[in-house]
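To start, the structure under review is shown below, and the notes come after it.
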Amino acid sequence: MKPQLFIKISLSLLVFLLMFLPFIPLILSSLSFGWQWPAIIPDSISFRAWDYVLFGSSGTWQAVGVSLLIALIVTIINILLAVPAANALVRNSFRGKWLMEAIIFAPIIIPPFVAVMGIHLTFLKLGLTETIVGVVLAHLSPTLPYMVRAIMISYQTLSVDWEDQARMLGAGPVSRFTLVVLPHLLPGIVAGASLSILISLSQYLITFIIGSGQVVTLSILLFPFISGGDPAIASAYSLLFAGMAIMTLFGLDVLLKKYYQQKKAVTNKG
Amino acid sequence: MKNSIFLASAFLALTLSACSQDTNEQTAEETEQLLTSDWQTIADSATGQQVNMYMWGGSDNINRYIDEWVAPRLKKDHDVELNRVPMNDSQDIINQLVDEKFAGKSNGSMDIIWINGENFKTAKDNDLLWGSFSGQLPNFNDFIDKDAPEIANDFGEPVEGLEAPWGKAQFVFVHDEKKSQNPPKSMDELAEWVQENPGQFTYPALPDFTGSAFVRHVLYETTGGYEQYQQPAESISDLEKRLEPMWDYLNSIEPYLWRDGETYPESLAKQDQLYASGEIAITMSYDPALAASEVLKGRFPDSTRTFVLDGGTLSNTHFLSIPFNSSARAGAMVAINEMMSPEAQTAKLSPENWGDLSAIDLNLLSSEQQQAMNAVELGEATLSLAELENNRLPELSSDYIEIIEKGWLQHVAKE
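As they're listed, the protein sequences go chains A and B. Position 51 (the first sequence) corresponds to 51 in the working numbering; numbering is contiguous. Position 172 (the second sequence) corresponds to 172 in the working numbering; numbering is contiguous.
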């Protein structure tokens, strides 16, 4: 065996182990029946937790659907808001720019708990509580900063000269954006979208307060079990949650690869 | 890409419009009638209503009892749809309602809430509950001993029909029969027991609900009984002095507790985990059947048993109520009435469903109904209903609880 190949295999094995090691206790605990100290693995296995989570009356699948729907809408709105915002913040210098940046990035620093109480009262008056719309709007504040940040970094490496060149070659504003700017921003958008999806999926407090129990996401179902002390069901839910997040990121990755392949094909033809 | 952005915004608009609320608001007149009209009229107006029941959602047993036992029967017999909404803490329900009251929301989505004790007092003080409805329920009138102190009062607060009793709980200690044959049956015995078995006992740090209840037992036993505390706290002028023996007792056992008493489990869930993994020998519960159901789940060892103190243990009642802005009050009344029926209460008693003690008075049942209830297999870990009933102490009102919880931090945790 070539030494390079050996290193490659052992390295990927190590990465694999490091990634999946934390899941092993979760899997064991979700299946355990009578797991007592000092046994390292449970002496018998029960599917009670999985039976409840996957097939019972727990409404898990609907909650997964609602979680993903909210994360998707939040991310789309984030992209629509963040691209112009990043553009303005990177390329223009204007009076009070630091203040704008501070406002956009404030949700990272200020705990959501502080803001959500005020948001709840306002939304109650507007009739937005207990609706998906309200929850989506409330999820924007903790997710938008990450999206703006990611796209700003992409913008920083995009010189205006490229667009000027395209303009000289006769490209209108729309084709300049779709053919020059957007392909360059895409990695940043994908990075921001991943963060936005993950953060939206894991929101408990905001979803709970604004949704008032009528918008049931997976974290709403998961939380009482984690703090209520049923380790088996909490583990099963945690695994399901991780699976959902990983599948979403994986799907995003596949879409991106597809896009680059298509683009390659188009450029090769041209 | 332009197309997909357009598509995305079209999709968004579609979703937003699909999510707009539809509510069937009742007029004030109609709802007031529900408090006076006869039961048949109430049952008729409940037909077809959807009832949202907001309750703690951290137990698969309880969730399944509601979803798979109660809800299908309500649908079939009364055409009322029961939708369980999981909460992490009953306090969250009250916070939501306070905000809704402040914002003037009249068509709320909470129709039934599961509360007791402090939550009830807050709700009552802030006018968050609808009205005196329990006297309208046939099962309340037929099977509940209305004058019993644990039904008429909720942690010392007069109920006044604002909530209907759903079940009872009683404090028990949980131990492993194989590890400790002779569990301590009084606070004096416990003090000796912890000295002989250092590191094997602890209690959840206050203000944990169960940890706080444990300390109240210490209060009753070290300061001379519960009778003296059946009056408001401010009317006892030398209260601080009277509490001193309790702090002394707690400080005297502290060095022999788990981790030398340097720290306490932050919640009962953590303490149960310590017991489940064998680190400590005794845990406690305000649910006398919890140990049995944990044995069924395989979390606690088979040799787990429960015991009460010779001087008795605290018991309380938990209730169902209807918030001030419920949109389906008739449906909520029908659902609560059904959950108080002897059949539902008997099913609830079984540890396979939940194991919660019944709120109804056995003497008011027919002999067949009594038999059905007595025939429920409570599991080896649960004490008999008679043994629990003969060792019941009343709860303290919440003003004492507040004083004790603050005092514990000052006198026990800090020292």
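Just so you know, even glycine gets a beta-carbon here, dropped at the ideal spot from N, CA and C. As the structure is a computational prediction, the values presented were derived from the model and not from experiment.
Starting from residue i, follow its DSSP beta bridges and name the residues at the other end.
i: B/N83; result: B/N52
i: B/S132; result: According to DSSP, B/S132 bridges with nothing at all.
i: B/M284; result: B/F173
i: B/N390; result: Per DSSP, none; premise fails for B/N390.
i: A/I7; result: None, per the DSSP bridge assignment.
i: B/G108; result: B/S326
i: B/W39; result: According to DSSP, which records beta bridges pairwise, B/W39 is partnered with nothing at all.
i: B/W114; result: B/L320
Smallest Cα separation from residue i: which of the options?
i: B/E395; options: B/W114, B/F214, B/G331; result: B/F214
i: A/S238; options: A/P84, A/P22, A/L11; result: A/P22
i: B/Q369; options: B/Q195, B/L74, B/R392, B/D142; result: B/D142
i: B/A289; options: B/D38, B/A381, B/R392, B/N390; result: B/A381
i: B/R299; options: B/E254, B/Q49, B/L274; result: B/L274
i: A/P272; options: B/D188, B/A276, B/E192, B/Y264; result: Nothing about residue 272 of chain A can be read from this structure; chain A reaches only from 1 to 270.
i: B/M340; options: B/P165, B/I42, B/N107, B/W130; result: B/P165
i: A/V135; options: A/A245, A/T217, A/L182; result: A/T217
i: B/F209; options: B/P86, B/T222, B/F171; result: B/F171
i: B/S315; options: B/T31, B/E389, B/R73; result: B/E389
i: B/D60; options: A/Y260, A/A234, A/V66, A/V266; result: A/A234
i: A/I104; options: A/P3, A/T122, A/A88; result: A/A88
i: B/M494; options: B/F133, B/E160, B/A103; result: Absent from the structure is residue 494 of chain B, since the part of chain B shown begins at 1 and ends at 415.
i: B/W408; options: B/F319, B/L357, B/D248; result: B/D248
i: B/W69; options: B/A344, B/N374, B/S384, B/K168; result: B/A344
i: A/R91; options: A/T129, A/L72, A/L121, A/S159; result: A/S159
i: A/L201; options: A/I70, A/F6, A/P107; result: A/I70
Contact defined as beta carbons within less than 8 Å: I believe residue i pairs with residue j. What is the distance between those atoms, to the nearest angstrom?
i: A/S57; j: B/D79; result: With a Cβ gap of about 19 Å, A/S57 and B/D79 do not count as contacting.
i: B/N88; j: A/P224; result: 5 Å
i: B/T346; j: B/I280; result: Not confirmed; about 34 Å, so no contact.
i: A/V190; j: A/L252; result: 6 Å
i: B/I336; j: B/R329; result: B/I336 to B/R329, Cβ: 10 Å. No contact.
i: B/Y400; j: B/A233; result: 5 Å
i: A/I220; j: A/T207; result: 6 Å
i: B/N116; j: B/D154; result: 5 Å
i: A/F94; j: A/L205; result: With a Cβ gap of about 35 Å, A/F94 and A/L205 do not count as contacting.
i: B/Y65; j: B/N353; result: 5 Å
i: A/L185; j: A/S154; result: 5 Å
I need the DSSP call for residue i, collapsed to helix, strand or coil.
i: A/N87; result: helix
i: A/T207; result: helix
i: B/L314; result: strand
i: A/Y155; result: helix
i: B/W158; result: It is worth fixing the name first, because residue 158 of chain B is Pro in this sequence and not Trp. In this structure, B/P158 counts as strand in the three-state DSSP scheme.
i: B/G331; result: helix
i: B/F319; result: strand
i: A/M19; result: helix
i: B/R305; result: strand
i: A/I45; result: strand
i: B/W408; result: helix
i: B/K414; result: coil
i: B/V153; result: The residue you asked about is not Val; residue 153 of chain B is Asn in the sequence shown. Here B/N153 sits in strand by DSSP.
i: B/L357; result: strand
i: B/E368; result: helix
i: B/E279; result: coil
i: A/G243; result: helix
i: B/E163; result: strand
i: A/F33; result: strand
i: A/I24; result: helix
Counting C-beta neighbours from all protein chains within 10 Å, is the total for residue i 16 or more, i.e. buried, or is it exposed?
i: B/N24; result: The pLDDT assigned to B/N24 is 42, lower than 50, so where the model puts this residue is not dependable; a value taken from the coordinates is nonetheless given after this. That one is exposed.
i: A/F16; result: exposed
i: A/L54; result: exposed
i: B/L34; result: buried
i: B/G49; result: The sequence shown places Gln at residue 49 of chain B, rather than the Gly named in the question. Buried.
i: A/W162; result: exposed
i: A/Q203; result: buried
i: A/T143; result: buried
i: A/G211; result: buried
i: A/L13; result: exposed
i: A/L169; result: exposed
i: A/M19; result: exposed
i: B/K416; result: Past the boundaries of the shown model lies residue 416 of chain B; chain B is included only from 1 to 415, so the question cannot be answered.
i: B/Y256; result: buried
i: A/F123; result: buried
i: B/E118; result: buried
i: B/V85; result: buried
Is there at least one Cβ from chain C nearer than 8 Å to residue i's Cβ?
i: A/Q214; result: In summary, chain C is missing from the structure at hand, where the protein chains are A and B.
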